[in-house]
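Take any residue in the sequence shown, count from 1 to its spot, add 5: that is its number in my numbering.
No residue lacks a Cβ here, since even glycine has one placed at the ideal position from N, Cα and C.
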Amino acid sequence: MSARDYSEKQTQRSVSGGPASLRVPDELAGLRLDQALARMLPEHSRSRLQEWVKSAFITVDGEPAAPKDKVWGGERIEVRAPPDPDTCAPQAIPLRVMHEDAQILVVDKPAGLVVHPGSGNRNGTLLNALLYHAPAVAALPRAGIVHRLDKDTSGLLVVAKTLPAHTHLTRQLQRRSIHREYLAVVAGVPSAEGVVEAPIGRHPVARTKMAVVPGGKSARTFYRVARAGRGWSLLECRLDTGRTHQIRVHMHSIGHPVVGDPVYGIGGSARQLPLPARRFPRQALHAVRLELVHPAGGQPMHFRSPLPDDMVQLLEQLAQHESSG
């Protein structure tokens, strides 16, 4: 039995808040403890697992260990997850549910809704809404949220409702087999289609921003011009990777920033934009299409979200501007 199959079989027994008990498969012999844990518990990041080991929330054969300790197969791993500092209360926030079954939930997120609590926004988030809508997700990492959209980006998000589904979706993201497409209104008119392949990492000076930086994580965005006017374009963007702010950073890096983006801004491009685009109050970015494999049934699933009213109105205003020009 592979580490992946063994992990899934074991973790299915520990979907509540109690400790998880795992045995290291022989095929992981010789790895560091943190490397083995990352294979056995792919729903958690390696950095999180390292912190849990250092804080003795993870023990090996009943004893504390260090992340760099080697494992040789057969060790008994006990995982007692610490309290989540981002734990928040269920709140009756309306959700536009595109699909729901026992394993997954697909939500069409409106612009302005924060996905996960953070500094200054502990309430009124998608996570608060999920805890109210499906209380059992409280037992899952990040309440089943496996990928995010920025606060002012609208569109489709998939959420796991069980730990096996969470693990399965996480692996699909890692294999890049979950397909996500976006519509974006940008400044200027790029070539008819293209690909931006540039590494993304933390901005070297403005640490709250991301940027194209040497040594960043690999990132690839495909785009195609769906419509264009004087000084603006509507792009269809497809993510091959899922880095933080990826489309916004990549479009900015090639001189075609997303209209209304308050962080990666328009700058000098604003002069060529029609007035409706200059006044748009959020980044004009919408997650329009989502494709995945159902974690239990294995069937392909396809979802599409209509463009939200504010972006429809923006495009109508831009079209009127063209005709009056």
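P140 places its beta carbon less than 8 Å from that of P95. The alpha-carbon separation between D74 and V191 amounts to approximately 50 Å. Within 10 angstroms of the beta-carbon of H307 lie fewer than 16 other beta-carbons, which makes it exposed. Here T226 is buried. Its C-beta has 16 or more other C-beta atoms within 10 Å. Of the residues assessed, Y228 falls on the buried side of the cut-off, its CB having 16 or more other CB atoms within 10 angstroms.
A Cβ-Cβ contact shorter than 8 Å links K214 with V268. The way I'd put it, the region 107-115 does touch the region 294-309; three or more beta-carbon pairs between them come closer than 8 Å.
Fewer than three beta-carbon pairs drawn from the region 130-139 and the region 310-326 are found closer than 8 Å, and the two stretches are therefore not classed as touching. Straight-line spacing of the CA atoms in L36 and G236 works out to 54 Å.
V58 is not a Cβ neighbour of E80, given a cutoff of 8 Å.
L178 and P146 have their C-alpha atoms spaced approximately 15 Å apart. A contact between stretches requires three or more CB pairs, one per stretch, nearer than 8 Å, and the region 143-157 fails this requirement with the region 194-204. When DSSP states are grouped into helix, strand and coil, H171 belongs to the helix group. Assignment of beta-bridge partners to P286 by DSSP yields no partner. When secondary structure is reduced to three states using DSSP, K59 falls in the helix class. Beta-bridge annotation (DSSP): G206 is paired with A216.
Its chain contains C93 as the residues whose beta carbon lies nearer than 7 Å to that of R127, once the 5 sequence neighbours on both sides are disregarded; these appear in chain order. P286 and A43 have their C-alpha atoms some 41 Å from each other.
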